[in-house]
Amino acid sequence: MGADQVAVLARTCTGVRPGEAADAVDGLVPTAVAFPATVAEASDLLRAASDLGLAVLPRGTGTKLNWGVPPDRCDLVVDTTGLDRVVEHAAGDLVVRVQAGLAMAELATTLASAGQQLALDTPSTVSGPGSSAAEPPPPPAAAPSRTTGAAGDAVGTVGGVIATGSAGPRRLRYGAPRDLLIGITVVLADGTIASSGGKVVKNVAGYDLGKLFAGSQGTLGLIAEAVFRLHPLPQSSTYLTLTCPTGADAADRVRASIESQLVPSAAEIDRPTPTAPLSVGLLLEGSADALPERVARMRELLGPGTEARPEPPAWWGRRVTEPGGVGLRIAFPPGALATVLAAVDEAADAYSGAAGQGATVCPAVRGSAGVGVLEIGLDGGTVPDAVRSFVTALRRRLAAPPAWGELPGASVTVVRAPATVHNVVAPFGPISALDVMRAVKDQFDPGHRMSPGRFAGGI
Amino acid sequence: MSEYGDARALAPRLAEIVGAGNVISDPRQLRTYECDGLTSHRCTPAIAVLPETAEQVAAIVGACTDAGVPYVARGSGTGLSGGALPRADGVLVVTARMRRIIEIDAANRRAVVEPGVTNLAVSKAAQPFGYFYAPDPSSQVVCSVGGNVAENSGGAHCLKYGFTVHHILALQVAVPAGGSGSLVWLGDGTTQAPGYDLLGAFVGSEGTLGIVTKIVVKLTRLPEAVRTLLAGFATTDAGGEAVSAIVAAGVLPAAIEMMDALAIEAAEAAVACHYPQGAGAVLIVELDGPSAEVAREYDAVRALCEKTGATEIRVADDPDERAAAWKGRKAAFAAVGRISPAYIVQDGVVPRTALPEVLRKISSLSRQEGIRVANVFHAGDGNLHPLVLFDDAAPGEGERAERLSGAILDACLEHGGSITGEHGVGVDKSRYMLKMFGTADLDTMQLVRCAFNPDGLCNPGKMFPTPRLCGEVPGVRRGVHPLVTSGDAEQF
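So the sequences go chain by chain: L and U.
Residue 2 is where the first sequence starts when you use our numbering, and the numbers rise one by one after that.
Residue 18 is where the second sequence starts when you use our numbering, and the numbers rise one by one after that.
The following block contains the structure:
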C-alpha cells in the first residue's frame, strides 16, 4: 500500500521517496517524504495527498520538529527545503519575499550585504547531545549575522520560524514573526493556493492570514512563501550584563531599563540552575556616535557591576533546553517577572522537597524578561511525574491575574517534551476561545489531516 | 425578498436587554446613524441599540442570531470606507455608551478600555504614567478604539510604531457561538498567548467577525526627545529623493509626511499654516527616541534634505512649534473643502520607491480627466491619500472623479501596492478586492469568517465582493460562487 501511495504522489512532485527511520516525527515514520520544488508542485502534492486521505506534516530543516504535541498520524512529510529561493529583495523598500524553505541564516547573509536584516533573532537550538546550558557554546559568528542567527547554527527555515511563532531577544523592540510578516502564501490541505497581505508594509485589504498561520504549527496548511518587513542593520550594538542575587532584584533592574527612555532592543535573563546567580543582559542598538552615551546612562541606571561589551554573553539567543529535555514557555504580563521567577522556584522546591521523592526538578530559566516570555528547560532525566507536578504547580501559582481580574496571570505551555512526558502532562493550560480555534481548524482543514493532534485542544 | 428575519420585530427583546431608552426605532432619530465618514453611502438602519456593557452586547448578538437578523457595529462613525454603514434590514449596535477606561496598568505597560473610548483618551490617561498609546489615526480626537480595532488603524507615526494590530494584547468579543451570543477573549494580555492568533486575525476584520466589547492595549513609553523638521522642496520628486536618502541612510523616523503644492494651497487657505512660500512640496520628518540618537538623526536628515535641494528647513523642538509644523498636514483633508465644492479621499499604497512614478501617473491622469488632485501622503511607507477635487454640480464631473479615483488604485496595484493602507475596504472598495486578490485568496479568507460567524449575520456585505456560504465544508469551492451564477446574489 505504501509503495502505491508513493507512486501516486511521485506523479505530482519530482522529489518523492519512501519515509525512513530518520524522518520519524515523535516515533512515527512517514510513508513518504516529498520535496516540492515549486509552490505549484506543493499544491499538486497536497491535492493528491487529500485524495489519498493522508495525514501531512510540513518540515523545514527539522530544528523545531520536536515542538508541539506528538502528532496523531504522519503519512506524508512535506520537506520545504527545495523551496529555498529569495524571490524578491526590494532593498529600497525594506521588503523581502522568500520561499518558506529558505534557511534563516542564508537569508540573513543575503540581507546583510545590503545593510539590512529580518529582525528575528530566533534562538538557535543547542547542537549535539551532551551540550548543556552551563557549558560554553560555540563562539558567535562574525557580525552582522550574529544578531540574526549565526551561520552554521540551527535556527531553521523561514517557514519553521513562522509556524512556531519563534522569536528571540530582540522581540522587545521588533516583535515576533507575526509582527514582521506582511504577506503570506499558503497551500491548504486540499491543494488550494491562497495569499493574503502583499509586499507593502501598510496594507489593510482583506483578512490577515499570516497572523493565523504564525504559530499554527502546521495545523492549518503548508506555508509556502512569506513577505517580511526589514530593518536596517544597526551601526553599533552593545550588550550590558550584570549578576543579580535574587529574582526580585533582577526584575527591578529589568523594569528600570524598560522604564528608562533609553530604548533597549532586548532585556534578557539567564539562570542555568536554580542555585546559580541570575544574569540580566540588555542590548542597546544605535548609531556609533550616540550609542556610547546611552550605554553610559544605562550602566549608571543598572548600578555597579554592570559590564558593557560589543559581544553578547555566551548564553544570549540560545535555547536553554538541551536536546532530549523538556522545554516550557511561560508568557506573562512583564510586570509579573518577580512573581513568575518565585513561582518557578516554589514549584520546583515543592516537588523536590516532598517527602519520599527520589527525584528533583531543576529548572533552567532563560528568555525575554522585558517582554514577558521565558523558556524553562528541564533536563532529559527529569521523570515524567516530576514534570507533571512542576507544571501543575506552576499553573496553579500563576493562574491569578496580576491586576485587573478578567485575564489570566500567565500561560504555561509544554513546547517540547519526550512522548513519555506528553503522556502525563497537559501541554496547554486553559485556552480561551478554543471553540473558535476548533472552528477555524474545521474550516481550513475539514479532514483534520494537517499535522493532526499537534496543537492546542487536540487540533 | 430578504432572507433575513424582521429587525423591527426585535425592538421589545432589545429593550429588555438594554432598557427602552437605549433602543432607537424612530426613523428621524435613526437618520443620525445613516452613514459613517464615507458620506456617499447612506442607509437608515431598521433599529439602533446603545448597549452599556459587554454582557448586553452579547445578548444583542444572541437575539439577532436567534431571529436571523443582521447586525452592524458602530463606534464613533469616523470610518472612511463605510465599514459601519448600517443595513435597512438590520440592527445597528452603537458602542458610544461604552466609554470606560477600566484600568491603566503601568507596571504591565497596558490598559483595559471599553470600545467606545476615544483613541486620544487612552494616551491622555496613560500620559501621567509616562506612556502613550502609539497608533494615532488623524481622527484620534473622536475615533473610538473599537473602531480602530475593526479597521487596524494606522496614523502618521505607524512608520516606526506599527499599526493597531501591533498594540493590542487581548480583545473580549461578542460572537454568535452556539447560536446565542457569548463573550470570548482573544489573546490573554501577554505577547504570546497559546493557540491560534485569533486576535491578529480579528484586528482589521472590519466588524465582520464579531463585536469588540473590551480591549487590552499595549502602552508605549513616551520618547525622551522629539524633533520635527519641516522642509520645502521645489517638486514632489525632490521631496521624494530626500525620503529615499533618509531611508537609505538607515534612519527610521517616527513619521515622514509629504504634501504637494495644491494640498499646501488648501491648507494655507484653511488654517494659515505658513508653510514655505512657493514650495512645490513640503516634507515633515519627525524623529523621536533617546535624545542622543535624535540629535544625530536630526543632523543626518537635515544634511540629506539640504543635499537633495530643500529650499527651506525649519525645526520644531517644543510641543507648540511641533503643533505649528503639523497644523497644515493635519488640516489637509478638511482644508480641500476650501478650494473645491466636493472631493474624494483616496487611500492607496505603493512600494515607497515607486512613489515618484505613481505621482507622475496621477498627475497625467488628472490632466487627462480635467480633474484636480491634491496629494497628501505618508511618504515613509508609500501610503498615498490623493484628494480628488470636483464640482458635484457640474454635469459628468462626479463620474470623471470616480473614474480617476479608481484609476489611481489601478496604478497602485500595477506597482505591487494595495487598494487600502488604512481606511479599509468596507463597502467602498469591495469591488476592487478581486483586482488585488484571486478568488481562492478571498475564499480562504472567508473561511475565517465562517469560523467566527457561520450565519453570516455580522456586518454582511462588507469587505468581500462575493458572499460565501459557510455550510460548504468540506470541499472548498473554486471559481464563481453558485449564488452569483444562479442570480440570487450579485457581485458588486
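By construction, the Cβ of each residue, glycine as well, lies at the ideal position given by its N, Cα and C atoms.
These numbers come from a predicted model, not from an experiment.
In the DSSP output, what is residue i paired with across the bridge?
{"i": "H90 of chain L", "result": "L:V97"}
{"i": "Q117 of chain L", "result": "L:P233"}
{"i": "H379 of chain U", "result": "Looking at the sequence itself, residue 379 of chain U is Ile, so the reference to His does not match. Bridge partners of I379 of chain U: none, in fact."}
{"i": "N400 of chain U", "result": "U:V366 and U:H395"}
{"i": "F149 of chain U", "result": "U:T237"}
{"i": "I121 of chain U", "result": "U:A128"}
{"i": "K203 of chain L", "result": "According to DSSP, which records beta bridges pairwise, K203 of chain L is partnered with nothing at all."}
{"i": "M451 of chain L", "result": "L:V57"}
{"i": "V229 of chain U", "result": "U:V190"}
{"i": "L375 of chain L", "result": "L:I331 and L:G368"}
{"i": "E269 of chain L", "result": "L:G282"}
{"i": "L223 of chain L", "result": "L:V188"}
{"i": "F250 of chain U", "result": "U:A298"}
{"i": "L109 of chain U", "result": "U:A65 and U:V89"}
Kindly list, in the order they appear in chain L, the residues whose Cβ is closer than 8 Å to that of residue i.
{"i": "P211 of chain U", "result": "A332, S412, T414, F429, G430, I432 and A457"}
{"i": "I436 of chain U", "result": "A206"}
{"i": "C175 of chain U", "result": "K203"}
{"i": "S140 of chain U", "result": "Those do not exist, as S140 of chain U stays about 16 Å from chain L at its closest Cβ, beyond 8 Å."}
Measuring CB to CB, does residue i end up less than 8 Å from residue j?
{"i": "R60 of chain L", "j": "L53 of chain L", "result": "no"}
{"i": "R331 of chain U", "j": "A342 of chain U", "result": "yes"}
{"i": "G198 of chain U", "j": "T82 of chain U", "result": "yes"}
{"i": "R127 of chain U", "j": "P334 of chain L", "result": "yes"}
{"i": "R98 of chain L", "j": "E294 of chain L", "result": "no"}
{"i": "Y240 of chain L", "j": "P305 of chain L", "result": "no"}
{"i": "L176 of chain U", "j": "A333 of chain U", "result": "no"}
{"i": "L406 of chain U", "j": "A391 of chain U", "result": "yes"}
{"i": "V74 of chain U", "j": "V108 of chain U", "result": "no"}
{"i": "V57 of chain L", "j": "V79 of chain L", "result": "yes"}
{"i": "K442 of chain L", "j": "P368 of chain U", "result": "no"}
{"i": "V260 of chain U", "j": "P132 of chain U", "result": "no"}
{"i": "I356 of chain U", "j": "S422 of chain U", "result": "no"}
{"i": "F481 of chain U", "j": "L404 of chain U", "result": "no"}
{"i": "G147 of chain U", "j": "G443 of chain U", "result": "no"}
{"i": "S369 of chain L", "j": "E269 of chain L", "result": "yes"}
{"i": "G171 of chain U", "j": "G438 of chain U", "result": "yes"}
Just to make sure I have the definition right: I need the residues of chain U whose C-beta is within less than 7 Å of the C-beta of residue i. Which are they?
{"i": "F464 of chain L", "result": "Outside the shown range of chain L (2 to 460) lies residue 464 of chain L, about which nothing can therefore be said."}
{"i": "E294 of chain L", "result": "A309"}
{"i": "S197 of chain L", "result": "D458 and M462"}
Does the ligand NAP have a heavy atom nearer than 7 Å to the CB of residue i?
{"i": "R448 of chain U", "result": "With respect to the ligand NAP, the structure offers nothing, as it holds no ligand at all."}
Chain L partners of residue i, CB-CB under 9 Å?
{"i": "R238 of chain U", "result": "I259, E260, S261, Q262 and V264"}
{"i": "L203 of chain U", "result": "S433, A434 and V437"}
{"i": "I273 of chain U", "result": "Those do not exist, as I273 of chain U stays about 12 Å from chain L at its closest Cβ, beyond 9 Å."}
Run through chain U and tell me which residues come within less than 8 Å of residue i, C-beta to C-beta.
{"i": "I194 of chain L", "result": "A457"}
{"i": "M438 of chain L", "result": "G212, Y213 and L215"}
Can you name the residues of chain U whose CB is closer than 9 Å to the CB of residue i?
{"i": "R86 of chain L", "result": "Here the premise fails: no neighbours, minimum Cβ distance about 18 Å."}
{"i": "V97 of chain L", "result": "None at all; the shortest Cβ gap to chain U is about 12 Å."}
Is there at least one Cβ from chain C nearer than 8 Å to residue i's Cβ?
{"i": "S261 of chain U", "result": "This model lacks chain C altogether, as its protein chains are L and U."}
Would you mind telling me which residues of chain L sit closer than 7 Å to residue i, beta carbon to beta carbon, in chain order?
{"i": "R126 of chain U", "result": "P335"}
{"i": "I119 of chain U", "result": "W405"}
- Quick one: which residues of the region 106-131 of chain L get their C-beta closer than 7 Å to a C-beta of chain U? List them in chain order. Listed by position along the chain: G116.
- Where the region 370-382 of chain U meets chain L: residues whose CB sits under 7 Å from a CB there: Correct list: T370.
- Any chance you could list the alpha helix (DSSP H) runs of at least 4 consecutive residues sitting entirely within the region 257-322 of chain U, in chain order? DSSP runs (the alpha helix (DSSP H)) wholly in the region 257-322 of chain U: 278-288.
- Item | Length at least 4, wholly inside the region 157-195 of chain U: the alpha helix (DSSP H) runs in chain order | For the alpha helix (DSSP H) assignment, the uninterrupted runs of no fewer than 4 residues enclosed by the region 157-195 of chain U are, from N- to C-terminal side, 162-168 and 175-178.
- Residues in the region 443-462 of chain U with C-beta within 9 Å of chain L's C-beta atoms, listed in sequence order? Residues of the region 443-462 of chain U whose Cβ lies closer than 9 Å to any Cβ of chain L, in chain order: K446, Y449, M450, M453, F454, G455, A457, D458, L459, D460, T461 and M462.
- Pull out every residue of the region 87-115 of chain U whose Cβ sits closer than 7 Å to any Cβ of chain L, in chain order. Cβ contacts with chain L come from no residue of the region 87-115 of chain U.
- Message: Short of 7 Å Cβ to Cβ, which residues in the region 285-310 of chain L face chain U?
- Response: G287, S288, D290, A291, E294 and R295: these are the residues of the region 285-310 of chain L whose beta carbon lies less than 7 Å from some beta carbon of chain U, given in chain order.
- Query: Using Cβ-Cβ distances below 7 Å, what residues of the region 211-225 of chain L are close to chain U?
  - Reply: From the region 211-225 of chain L, only K212, L213, A215, G216 and S217 have a Cβ closer than 7 Å to chain U.
- Message: Runs of 4 residues minimum, wholly inside the region 413-484 of chain U: which ones carry the alpha helix (DSSP H) assignment?
- Response: Counting only runs that start and end inside the region 413-484 of chain U, the alpha helix (DSSP H) elements of at least 4 residues fall at 414-431, 450-453 and 456-469.
- For the region 53-71 of chain L, enumerate the residues whose C-beta is nearer than 7 Å to any C-beta of chain U, in chain order. For the region 53-71 of chain L, no residue has a beta-carbon sitting nearer than 7 Å to a beta-carbon of chain U.
- Between the region 147-170 of chain U and chain L, which residues of the former have a C-beta closer than 9 Å to a C-beta of the latter? The residues in question are G147, E168, N169 and S170.
- Got a sec: which bits of the region 464-485 of chain U sit with their beta carbon under 8 Å from any beta carbon on chain L, in order along the chain? Contact annotation: in the region 464-485 of chain U, residues whose CB is within less than 8 Å of a CB in chain L are L464, V465, R466, C467, A468, F469, P471 and M480.
- Task: Please name the residues in the region 382-402 of chain U whose beta-carbon is closer than 8 Å to at least one beta-carbon of chain L, in chain order.
- Result: The region 382-402 of chain U vs chain L, Cβ under 8 Å: H395, D398, G399 and N400.
- Query: In chain order, what residues of the region 38-55 of chain U put their CB closer than 9 Å to some CB of chain L?
  - Reply: The residues in question: there are none.
- May I have a chain-ordered list of the beta strand (DSSP E) segments no shorter than 3 residues that lie completely inside the region 18-65 of chain L? Every beta strand (DSSP E) of 3 residues or more that sits fully in the region 18-65 of chain L is shown, in chain order, as 33-35 and 57-60.
- Message: Using a Cβ-Cβ cutoff of 9 Å, what residues of the region 360-382 of chain L are near chain U? List them in chain order.
- Response: Answer set for the region 360-382 of chain L: S369, V372, G373 and V374.
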